[in-house]
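Residue numbers (my numbering), protein chains in the order written: chain P, 1 to 363; chain C, 1 to 363; chain Y, 1 to 363; chain L, 1 to 363.
Think of the CB as a built atom: it goes at the ideal place given N, C-alpha and C, for glycine as much as any other residue.
There are 4 protein chains.
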Amino acid sequence: MSFNSFGRILRYTSWGESHGLSIGCVIDGVPPLIAISKEEIQQDIERRRSALSRHTSQRKERDRVEILSGVFEGKTTGTPIALEIINEDARSKDYANIAKVYRPGHADYVTERKYGIRDWRGGGRASARETVMRVAAGAIARKILGEKVVIRAALSQIGKIKVDEKRWSWEDCHVDNLFCPDKETLTLWQKNLDEARRKGVSLGGRIKAQACGIPVGWGAPLYGKLDADLAAAMMGINAVKAIEIGAGFGVVERDGLENADEMLEGSGGEKKYSSEPQFVTNNAGGIIGGISTGQDISFSLAVKPTSSIRKSLRTIDVDGKASTVETLGRHDPCVAIRAVPIVEAMLALVLADHKLLHRAQCG
Amino acid sequence: MSFNSFGRILRYTSWGESHGLSIGCVIDGVPPLIAISKEEIQQDIERRRSALSRHTSQRKERDRVEILSGVFEGKTTGTPIALEIINEDARSKDYANIAKVYRPGHADYVTERKYGIRDWRGGGRASARETVMRVAAGAIARKILGEKVVIRAALSQIGKIKVDEKRWSWEDCHVDNLFCPDKETLTLWQKNLDEARRKGVSLGGRIKAQACGIPVGWGAPLYGKLDADLAAAMMGINAVKAIEIGAGFGVVERDGLENADEMLEGSGGEKKYSSEPQFVTNNAGGIIGGISTGQDISFSLAVKPTSSIRKSLRTIDVDGKASTVETLGRHDPCVAIRAVPIVEAMLALVLADHKLLHRAQCG
Amino acid sequence: MSFNSFGRILRYTSWGESHGLSIGCVIDGVPPLIAISKEEIQQDIERRRSALSRHTSQRKERDRVEILSGVFEGKTTGTPIALEIINEDARSKDYANIAKVYRPGHADYVTERKYGIRDWRGGGRASARETVMRVAAGAIARKILGEKVVIRAALSQIGKIKVDEKRWSWEDCHVDNLFCPDKETLTLWQKNLDEARRKGVSLGGRIKAQACGIPVGWGAPLYGKLDADLAAAMMGINAVKAIEIGAGFGVVERDGLENADEMLEGSGGEKKYSSEPQFVTNNAGGIIGGISTGQDISFSLAVKPTSSIRKSLRTIDVDGKASTVETLGRHDPCVAIRAVPIVEAMLALVLADHKLLHRAQCG
Amino acid sequence: MSFNSFGRILRYTSWGESHGLSIGCVIDGVPPLIAISKEEIQQDIERRRSALSRHTSQRKERDRVEILSGVFEGKTTGTPIALEIINEDARSKDYANIAKVYRPGHADYVTERKYGIRDWRGGGRASARETVMRVAAGAIARKILGEKVVIRAALSQIGKIKVDEKRWSWEDCHVDNLFCPDKETLTLWQKNLDEARRKGVSLGGRIKAQACGIPVGWGAPLYGKLDADLAAAMMGINAVKAIEIGAGFGVVERDGLENADEMLEGSGGEKKYSSEPQFVTNNAGGIIGGISTGQDISFSLAVKPTSSIRKSLRTIDVDGKASTVETLGRHDPCVAIRAVPIVEAMLALVLADHKLLHRAQCG
């Protein structure tokens, strides 16, 4: 029932504020005998960190992860794996203005009203800093899923500029390219981002994600639905405001014939399911009735423009009085960029959990 | 960890297949001393049932709900409330074709592959019939929320025809109007639905929902997020493929200034929060950082056209061989209509749970 | 987090008061394709019912169980199994005295103080009637465990009369013998029970239980401990006040050498664990460090004399004023007797849950 | 569903092995605005550490706790509180013998069989070292309970020597006295412990615990029972093999009249419950029907003699072959001593959780 955990059998619990001594997480329920090193986890963390470099915010952290428990002689032992990163750059900043004034679009106001107290340093618990632990945990989740499963995400739109689906190349999509799957679009995005920074505003983004190699049968019909768990996991990422699975909102304007994912006999041979049946289309996004179909799981989500902008905004202070606030210094013009590895991590975590759940009930 | 439960403190568990002896649910954690009668619950059930009449499927059920436990002398006792509806019309139908062939877009195939067995009568557990219990449970959730909270949903689009937001009238929106908030649009929809039925196809729909009167502070920052729980609850409704909260996918093309929900000082008086601060806009949809802001909670979701259409579709049979399938008899041209009361019920359940959760931690 | 559920993957949720329309339960997470009939479940219910005949209370119920869901063509489908028994004898009794006065030792007072309301008819939710559903669910749990696992319990003491361990015979222990494993002791018990009934008092009892055939490795080291889960399950049975596992309280007076369960090499052959190692003793009761050792799981528990006695006891009424109360009519001189099948059922449920849990994490 | 968490709303999750980099825990769901300092937590840790001094094992650790998150300017913020202690003395020891041979009575064998891997350094996850975090978390739980609640435990028996109940003095019971509530008994115990150490054996112990000041109404009737949760929490402490609540196993030999806890009218005044009713006895140990009665909650538990003794014991090695093992160096003659503060901590944690649970449902 925890407020700071998710997962059913593979259970992730995190701790830490932006400026506490450390941030960390405990991943419980990991199967034993999986080879994992802190270097592998660090790689995923670096990928997220790189996404913060040019076009994102400027916190200087080395972000060195430590495995505190649960791994022995290079392998998981089945006991809880705790990961921790010391907050090094946590003391120097001046957040005096945030302490007294609520920033619109941030969690400042709701936190104060809910708890009557708020660690205002760097956004406290609501800071996106916590997401580094999700990325770290995601590295372990990928190991549980195994090498046949491919988890990947890309930016498909920044502001008004969409990637042309025809030029989509997963190969071109990596962190140094702002996770852009098309080189031509990238140039336009960079121009837009520079302009946004000059103007002191921020831009929204759309992320597409996929999981390939998931067998048919993960999930459950009603309240352990794979799509419901994915929706929660994605909506739980900072700044995400929408998710659509498969054809998503596109289904509204389709009729049932257009939307049907017809099935063809598997080509393989005599025995039932010796070769998997083929779907003609994948409007379902790989999930029907809460259960994976064996097709690629695919979805898309919306990330809002960061609320930290170099513009003076009307707000109230902690005494309820009218005030204004403006984010000073360099800022992050598009948080959707760094959300990409987080989306991948959350996707891996949800799927790894369902892999174990399926095994529990169905052997 | 249950596969057939949701909620954290207010916990709903359902049972039942389309053609089992009965369907029902257990609602656990309901506060004591709340006045509730089966007639009140029946009202909500009737509202869902009416939505099935002209434009939806034709199962003839009286759907009489019984309160099996948890209510004594008209009041909740704090013990689990079990609700049950006997399946009366469960024996007569012929589902022989479904038994042998998987219907595209339905859960037939994934269920068989997951479990190795499938109650094919009427869709079994995956049937939308289960949703009647959600509606029943929702009636209790509304009682927990109290009269100051208004929960409501409407259809905002069927197929390609959208309601003009300017003519939106919640007053006009009721079950006899297909939950359409605009009389002019209704005429167009009815024409379209008739045409779809004639053609033997089905139409998708979009639902808008609102919760008004929710105080600031419900939810939790990271994994007990109100928006994440709502996303899971909505994505868990049959045929829902997308959800957006507040501005939703609209945030992608906005900049941070356009998307900022600025705040104004409350007008009320001297004491802090003697009057609530005002938000200039509500792009957030009433939830920031996973916590309610005190504004209306609002979101929108996509319901796919039902997969049961009077068209021959390519598929495979239970032996993996190529086959075709066509839904015979009258069918349901737009399942989004009957989804409206279900959306309301799930919204009420999630919010009632968070009301209790907030009380648990914050008193 | 439910108040009326237990289990982690195999999850049992019950509903019902003594005099509601019905009592029932939902068992979620049952693996598919297990053959089960309502007749098999009924057998276990009859066994509990017989225990109520001569020496226990006199409620006349046929207790016919129905499977409402989750079983199709004689096999489990993986969806929730709901079981229900209609309360037939629920209307006739006069509980007017209980409505106004709290019976010492019963949950009357605490229920009223906790909830501010109380279904006083027959003890409401706190009635032992609910345990019939545990017995029913236990029948399914046994199926999940398979035929190699033997679950059994016996009465080892009633009042001051203990069974002589040397004469212990599991074969002689069945419901018609008051679950007494020794015929000589049985005669003494029957005499004592008759005397207790004449005097209008009740007697306590001790139950011993065993699970044989459990492999090494079920459980978890710290908070998913098999012994902790068993302790909770047993202490959750009405009237149970103590539990000891293996040597139990006996360990207090032993030294570490006496208490050591030494191990001997398996006799079987060359390959590691081709034959299981042998333990010289089983002071641990089959569980060490929260994990099954492969030995018999064995424990013992104390059941208090029922609080319903034909003696006038000092108490208070619902207005807090001094009063007296006496249970009229025939009464139940030793509730430990009918607790035996309930202990077995709870033991089966806990073990079946851990079987699935182990499979989830360790494959 | 976590294997390494407990609690429902107040949720404790721990990590760490005996010789990992650190041990720690996350406490989630703590109400905001509770004043807490690391010095206060350290006090409880010192109390446990002192219990290890003369008569317990000799690990040299400073055990300095750090609060990593969840506390801001001396107060809880409602976000997860992570506590950590660095393992300083973790590298020096030689556990080569444990690596190859299973120690009887320890979790070595079951761990290896369950997971196929085992961190054998110092017992790994199964080491009692983890209990330091329970004590730390217990300090926070006491704060949640408030100053009116008194949580206390004492040793009532070591080996065959019991404390005379008539000489029981809670005042005399503190860590420097081996938590012995009677000075005369203490002398006998010390003699016995010295003798046990000389002989190289260990002794069992019995602990009594109490919670005073708990109001009537915490707990829940069936599966959220306060006594069931306590039983699980206590049985989950290393080496605990039995628990009895109130009269415990004593109820077996009593009749219902002897065991009745009669009630007297409160002396206070006119208004209902203006003064609490009085119970004549407390055989129930403060819990009836799973719910607190308002009397002292009291129970007793058995701690086995540590399995680490200076005697050669028959066992098997990791290849399944016959071997022997003997614990070398100084050892811990009675682990029950250091279990006392752990019992208090677990008691506080269970009660604090139920305080919040009660508030959630009943306001």
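- Neighbourhood of Gln157 of chain C in chain P, by CB distance below 7 angstroms: Val252, in chain order.
- By the Cβ criterion, the segment 336-356 of chain Y is not in contact with the segment 351-358 of chain C, since fewer than three pairs of Cβ atoms, one from each stretch, lie closer than 8 angstroms.
- For Lys321 of chain C, the chain P residues whose C-beta falls within less than 7 angstroms of its own C-beta are Glu265, listed in chain order.
- By the C-beta criterion, the segment 136-151 of chain Y is judged to be in contact with the segment 27-47 of chain Y, since at least 3 inter-stretch pairs fall below 8 angstroms.
- Taking 8 angstroms as the threshold, the shortest C-beta distance from Gly29 of chain P to chain Y falls below it.
- Here the alpha carbons of Asp227 of chain C and Ile161 of chain P stand approximately 27 angstroms from one another.
- For Val325 of chain L, the number of other beta carbons within 10 angstroms of its own is at least 16, and it is reported as buried.
- In its chain, beyond the 5 residues on either side, Gly213 have a beta carbon closer than 7 angstroms to the beta carbon of Lys148 of chain P.
- For Ile9 of chain P, the C-beta contacts it makes with chain Y under 9 angstroms involve Arg8, Ile9, Leu357, Ala360, Gln361, in order along the chain.
- For Gly105 of chain P, the number of other beta carbons within 10 angstroms of its own is at least 16, and it is reported as buried.
- In the structure shown, Asp255 of chain C falls within a strand segment according to DSSP collapsed to helix, strand and coil.
- The Cβ atoms of Val280 of chain Y and Leu301 of chain Y do not sit closer than 8 angstroms to each other.
- Assigned with DSSP and collapsed to three states, Gln210 of chain Y falls in strand.
- In the DSSP assignment, the residues bridged to Thr13 of chain C are C:Ser5, C:Val26.
- The shortest CA-to-CA distance from Glu276 of chain L to any of L:Ala231, L:Ser127, L:Gly294 is the one to L:Gly294.
- Contact with chain Y is found for Arg206 of chain L, since one of that chain's Cβ atoms lies less than 8 angstroms from the residue's Cβ.
- Taking 8 angstroms as the cut-off, the beta carbon of Leu313 of chain L is found no closer than this to the beta carbon of Leu10 of chain L.
- Per the C-alpha coordinates, the member of Y:Lys100, Y:Pro80, Y:Arg62, Y:Ile309 positioned closest to Arg198 of chain Y is Y:Ile309.
- Shown in chain order are the members of the segment 67-101 of chain Y whose Cβ falls below 8 angstroms from a Cβ of chain P: Gly78, Thr79.
- Ala322 of chain P is bridged by DSSP to P:Ile316.
- Under DSSP, Val149 of chain L forms no beta bridge with any residue.
- Taking 8 angstroms as the threshold, the shortest C-beta distance from Pro215 of chain Y to chain P does not fall below it.
- When secondary structure is reduced to three states using DSSP, Gln295 of chain C falls in the coil class, being assigned neither helix nor strand.
- A straight line joining the alpha-carbon of Pro333 of chain L with that of Glu112 of chain C spans about 58 angstroms.
- Listed in chain order, the non-local C-beta contacts of Asp261 of chain C below 7 angstroms within the same chain comprise Phe279, Val280, Thr281, Asn282, Asn283, Ala284, local neighbours out to five positions each way being set aside.
- Closest by C-alpha distance to Lys38 of chain P, out of P:Thr76, P:Gly16, P:Leu328, is P:Thr76.
- Contact annotation, Ile85 of chain L with Arg103 of chain L: C-beta distance approximately 25 angstroms; criterion of less than 8 angstroms not satisfied.
- Boundaries for Ala107 of chain Y: no alpha helix (DSSP H) harbours it, and the DSSP string shows neither H nor E there.
- Taking the CA atoms as reference points, Gly320 of chain P sits about 28 angstroms from Val240 of chain P.
- Comparing C-alpha distances from Val216 of chain P to each of C:Gly116, C:Leu83, C:Arg62, C:Ile151 shows the shortest one belongs to C:Gly116.
- DSSP, reduced to helix, strand and coil, places Thr131 of chain P within a helical segment of the structure shown.
- With distances taken between CA atoms, Ser202 of chain P lies nearest to P:Ser307 out of P:Met346, P:Ala82, P:Ser307, P:Leu351.
- Near chain L, meaning a CB-to-CB distance below 8 angstroms, the residues of the segment 101-115 of chain P are Lys114, Tyr115.
- Of the residues C:Gly124, C:Gly219, C:Ile23, C:Ala139, the one whose Cα lies closest to the Cα of Asp44 of chain C is C:Ala139.
- Using beta-carbon distances, Ser22 of chain C does not count as an interface residue toward chain P, since no partner is under 8 angstroms.
- Within chain C, the residues Thr79 have their CB atoms less than 8 angstroms from the CB of Pro221 of chain L, given in chain order.
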